[in-house]
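Numbering (this note's numbering), first residue to last: 864 to 1161.
Ideal placement from N, C-alpha and C gives every residue a C-beta, glycine not left out.
The structure under discussion appears below in the form of structure tokens.
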């Protein structure tokens, strides 16, 4: 896939995705619909507490389809923030990181190595099972790019669903005066408490290397929040400079307040696939969607 076609499908944002996220078609003119979007949206709306639980599946589907037909004939939303990809080097960098993020879903280090730029001998730790508030993950070293890598898996097992569900209200303070998704923040804290020692040791062993956190979906949200938590620590507390830490996340669900996402724009990059529902899913966006369905002329 060349960089021209890729530019249609991705939105890059600096910082985490925040709760009152935007709804829209993505970048490009009339992009092809995501075949799963309608059913996913219906499922989320029916589970939400916004006053339309009694609607039938057919009512929701028809309403959503009418909205889609209307929006498909209009220009993509102007208010979607991001950078349209037009650089081959950026595309290659995104491909590199998405392979690392996908690697956390693999069954073992050998399969991870075959599907990424990492050598199996440089995969330091591989945990392919999750537990409460702790997803599957791996630690690796890329000697070519001089990176220590923490790859965090997204929603894959029952325990991951528990993490997804355990959320704080939009106004609840869960991290240094900011609002975050509670389950995601707890997972990030787990890594900060249990793996920072290993990370410190491998950064000391590989002088001049940087720490790169990667993940997809839930894993991307955790990687982003972990990067924020690390940047709030001092070099003395960490045993290394927080300035060498950055995160690249794909399909990340909204996980922090707007104020917090603005503070991490320099070291967190999130990538959204054109009309992917997950990065745009929040109470605010569901409420807007509900109102739009109600206002649609059936």
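| Query | Result |
| --- | --- |
| The stretch 1085-1095 touching the stretch 974-986, judged by at least three CB pairs closer than 8 Å | no |
| Counted within 10 angstroms of its Cβ, other Cβ atoms place residue 1079 as buried (16 or more) or exposed | buried |
| Contacts around residue 959, its chain only, beta-carbon distance under 7 Å, and the 5 residues preceding and following it disregarded | 980 |
| Those residues which DSSP pairs with residue 1055 across a bridge | DSSP, once it has assigned bridges, lists no residue as partnering residue 1055. |
| Sheet register partners of residue 1207 (DSSP bridge) | What is shown of the chain runs 864 to 1161, which leaves residue 1207 out entirely. |
| Cα-Cα separation, residue 1083 to residue 1157 | 33 Å |
| Beta-carbon proximity check, residue 1110 vs residue 1086, cutoff 9 Å | yes |
| Beta strand (DSSP E) segment containing residue 1132, residue limits | 1131-1136 |
| Range of the contiguous alpha helix (DSSP H) that encloses residue 1094 | 1081-1094 |
| Whether residue 1123 touches residue 1075 by CB criterion (9 Å) | no |
| Contacting residues, own chain, Cβ-Cβ under 7 Å from residue 1126 (five flanking each side not counted) | none |
| Burial state of residue 1006, where buried means 16 or more other Cβ atoms lie within 10 Å | exposed |
| Spatial distance of residue 1172 from residue 1117 (CA atoms) | No information on residue 1172 is available, as it lies outside the stretch 864 to 1161 that the chain covers here. |
| Whether residue 1183 touches residue 963 by CB criterion (9 Å) | The question about residue 1183 has no answer here: the residues shown for the chain are numbered 864 through 1161. |
| Candidates 1141, 1128, 1081, 1142, of which the one nearest residue 968 by Cα | 1081 |
| Supposed close pair residue 1004, residue 985 - CB separation, criterion 8 Å | 4 Å |
| CB of residue 1067 within 9 Å of CB of residue 1014, strictly | no |
| Distance, residue 1106 Cα to residue 1129 Cα | 10 Å |
| Assigned exposure category for residue 950 - 16 Cβ within 10 Å defines buried | exposed |
| For residue 990 and residue 999, the rounded distance between their alpha carbons | 5 Å |
| Length of the line joining the Cα atoms of residue 993 and residue 1139 | 25 Å |
| Backbone secondary structure at residue 1113 - three-state DSSP | strand |
| Distance between beta carbons of residue 1098 and residue 1104, contact taken as under 8 Å | 5 Å |
| Range covered by the beta strand (DSSP E) that runs through residue 1141 | Looking at the DSSP string, residue 1141 is not in any beta strand (DSSP E), and its letter there is neither H nor E. |
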